[in-house]
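Remember, our numbering sits 543 above the position in the sequence shown when you count from 1. Step one of this worksheet: look at the structure below.
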Amino acid sequence: MDLNAVRMLVQVAEARSFTLAAGQLGLSQSGLSRAISRLEQELGVRLLHRNTRNVSLTPDGRQFVDHCQPLLCGLEDAQRQLGDRPCVPSGVLKLTAPSMFGRKVLVPLASRLIADHPQLQFELVLNDRLVDLVEEGFDAALRTGPISDVRMVARPLRPLRWVTVAAPDYLARHGEPESVDALHRHACMAVRNLRSGRLVDWQFRELDGRMRDFTPPARMVFDSGDPLVEAALAGAGIVQVMDFAVADALAAGQLQRVLQAHEGRNRALSLVYPPSRQVSPKLKVLADALLAGEW
544 MDLNAVRMLV QVAEARSFTL AAGQLGLSQS GLSRAISRLE QELGVRLLHR NTRNVSLTPD
604 GRQFVDHCQP LLCGLEDAQR QLGDRPCVPS GVLKLTAPSM FGRKVLVPLA SRLIADHPQL
664 QFELVLNDRL VDLVEEGFDA ALRTGPISDV RMVARPLRPL RWVTVAAPDY LARHGEPESV
724 DALHRHACMA VRNLRSGRLV DWQFRELDGR MRDFTPPARM VFDSGDPLVE AALAGAGIVQ
784 VMDFAVADAL AAGQLQRVLQ AHEGRNRALS LVYPPSRQVS PKLKVLADAL LAGEW
């Protein structure tokens with residue numbers, strides 16, 4: 544079997560385009576297509592669905608690529624060890640993440656990584672939809688909460704922590720709440736759960752360590768958490784959000800934490816990917832950056 548053709552197949556599968564893959568490999572599109580056609584003839588199966596818009600793996604192609612990718616990376620790693628050369632992260636890394644985490648953390652992180660690794664590219668899908676990583680061709684996902692899919696590798700990252708914040712000018716006008724119950728006298732901004740129709744509760748840690756659910760007296764309600772930071776910066780009231788979403792605003796003095804003695808709400812965050820991806824250099828460089836926790 545021609546290993547170069549297998550590498551070409553993997554590149555086409557990642558790029559989902561003969562044109563992009565040919566450019567990345569420095570080959571002609573026709574030459575790339577012929578090489579993969581010969582591989583299909585040798586294996587006796589069709590590996591790719593081809594149409595005028597894009598290219599995708601057939602079920603046989605997906606199974607073949609999932610088995611071959613770790614082997615190819617193992618060969619590259621063996622070559623690196625023999626030649627004392629680094630395995631260079633390259634190709635398209637397709638990721639999905641929740642919208643706010645993606646915008647606030649993943650986009651700046653990806654920007655730094657492509658500056659450090661010129662052959663690396665990112666395709667980011669930033670929404671809260673639970674995608675099927677294998678079927679939809681994703682390399683990895685950032686997911687919150689417990690991971691129930693036992694087929695996937697889940698690497699725990701620094702947990703997400705909630706903070707309660709407001710703009711200094713709002714606090715200058717209305718005073719800082721001295722207790723959780725004092726929030727009833729303040730303008731709070733909340734999110735409505737579209738499935739249940741209820742406001743999403745805030746959580747606080749009592750002095751005895753127990754967690755307390757608190758329904759905020761909302762003066763402004765949103766259908767997602769993304770606008771909360773903008774509303775707080777505008778001085779509209781108090782919000783409870785994840786710490787990464789307001790890290791820059793807190794550092795700049797644009798927002799101020801309140802009720803810090805009652806902080807304690809957190810949620811697990813994991814980098815999730817198929818086992819076949821775990822030796823991928825492009826995924827490793829992302830995992831290392833996320834595990835460093837510098838966000």
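Just so it is clear, CB atoms sit at the ideal spot from N, CA and C, and this is done for glycine as well.
Item	Value
Taking residue 598 as the reference, give the member of 560, 565, 768 and 577 with the closest Cα.	560
Would you say residue 665 and residue 674 are within 8 Å of each other, going by their C-beta atoms?	no
Taking buried to mean at least 16 other C-beta atoms within 10 Å of its own C-beta, is residue 729 buried or exposed?	buried
What residues match up with residue 560 in a beta bridge as DSSP calls it?	The partner list for residue 560 (beta bridge, DSSP) is empty, contrary to what the question assumes.
Check the C-beta distance from residue 647 over to residue 787 and give it rounded, since I have them as a contact under 8 Å.	5 Å
Who are the Cβ neighbours of residue 565 in its own chain at under 7 Å, not counting the five residues just before and after it?	571, 572 and 575
Among 797, 790 and 785, which has the Cα closest to the Cα of residue 779?	797
Can you tell me whether DSSP reads residue 583 as helix, strand or coil?	helix
Give me the Cα-Cα distance between residue 810 and residue 765, rounded to the nearest whole angstrom.	21 Å
What number of angstroms, rounded off, separates the C-alpha of residue 584 from the C-alpha of residue 650?	41 Å
Leaving out five residues on either side along the sequence, give the residues of the same chain with a beta carbon under 7 Å from the beta carbon of residue 839.	The question about residue 839 has no answer, for the chain in this structure spans 544 to 838.
Count the other CB atoms, across all protein chains shown, that sit within 10 Å of the CB of residue 592; report buried if there are 16 or more and exposed otherwise.	exposed
What is the DSSP secondary structure of residue 784, counted as helix, strand or coil?	strand
Pull up the DSSP beta-bridge partners for residue 838, would you.	In the DSSP output, where bridge partners are listed per residue, residue 838 has none listed.
List in chain order: all unbroken beta strand (DSSP E) runs of 3+ residues lying wholly within the stretch 725-791.	731-734, 745-748, 754-757, 761-765 and 782-785
Could you check how far apart the C-beta atoms of residue 663 and residue 632 are, in whole angstroms? I think they sit under 8 Å.	5 Å
Quick check on residue 634: does DSSP put it in helix, strand or coil?	strand
Pick helix, strand or coil for residue 677, following the three-state DSSP scheme.	coil
Pick helix, strand or coil for residue 547, following the three-state DSSP scheme.	helix
Our contact map puts residue 582 next to residue 553 with C-beta atoms below 8 Å; I'd like the distance itself, whole angstroms only.	Rounded, the Cβ-Cβ distance is 11 Å, inconsistent with contact.
For the beta strand (DSSP E) holding residue 686, just list the boundary residues, first then last.	683-687
Whose C-beta lies closer than 8 Å to the C-beta of residue 735 among residues of the same chain, with five residues either side of it excluded?	741, 742, 743, 764, 765 and 766
Along the chain, where does the alpha helix (DSSP H) that runs through residue 571 open and close?	No alpha helix (DSSP H) holds residue 571; DSSP gives it neither H nor E.
Which residues in the same chain as residue 756 place their Cβ atom closer than 8 Å to its Cβ, once the five residues preceding and following it in sequence are excluded?	744, 745 and 746
When you compare only the Cα positions, how much space is there between residue 816 and residue 716?	48 Å
Where do the ends of the beta strand (DSSP E) carrying residue 694 lie?	Element bounds for residue 694: n/a, residue is neither H nor E.
Could you work out which residue in 774, 795, 713 and 594 is closest to residue 801 when comparing CA atoms only?	713
In the DSSP assignment, find the unbroken alpha helix (DSSP H) run with residue 592 in it and report its ends.	Run containing residue 592: none in the alpha helix (DSSP H); it sits in the beta strand (DSSP E), 591-593.
Going straight from the alpha carbon of residue 586 to that of residue 645, what length do you get?	40 Å
Roughly how many whole angstroms lie between the Cα atoms of residue 702 and residue 690?	14 Å
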